């Protein structure tokens, strides 16, 4: 797969997440939509780290940071 494939996949996931945020009325549905958008950003970070970054460890580090933020968000939302 090329970089463009990953970017298109991330854009589709992000668009689905935005659509879900705009149409869902329940908190759980909105949180799932936010998780989709965060996963799209993770795909972008990993794709750019794979194809364009000078330091290949930057993508996984940012991705782990986003995963940690998403986990904290879920814990706070369901508390």
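In my numbering, the protein residues as written are 1138 to 1216.
Backbone N, C-alpha and C fix where the C-beta goes; we use that ideal spot for every residue, glycine too.
Model, not experiment: these values are computed from the prediction.
Here DSSP, grouped into helix, strand and coil, assigns residue 1167 to helix.
Judged by beta-carbon spacing, residue 1175 lies beyond the 8 Å limit of residue 1149, meaning their Cβ atoms are not closer than that value. Remark: C-beta atoms of residue 1186 and residue 1147 do not approach each other more closely than 8 Å.
Shown here, residue 1187 sits in a helix according to DSSP, grouped into three states.
In the DSSP annotation of this structure, the continuous segment of the alpha helix (DSSP H) that includes residue 1214 starts and ends at 1195-1215. Around the beta carbon of residue 1179, 16 or more other beta carbons lie within 10 angstroms, which makes this residue buried.
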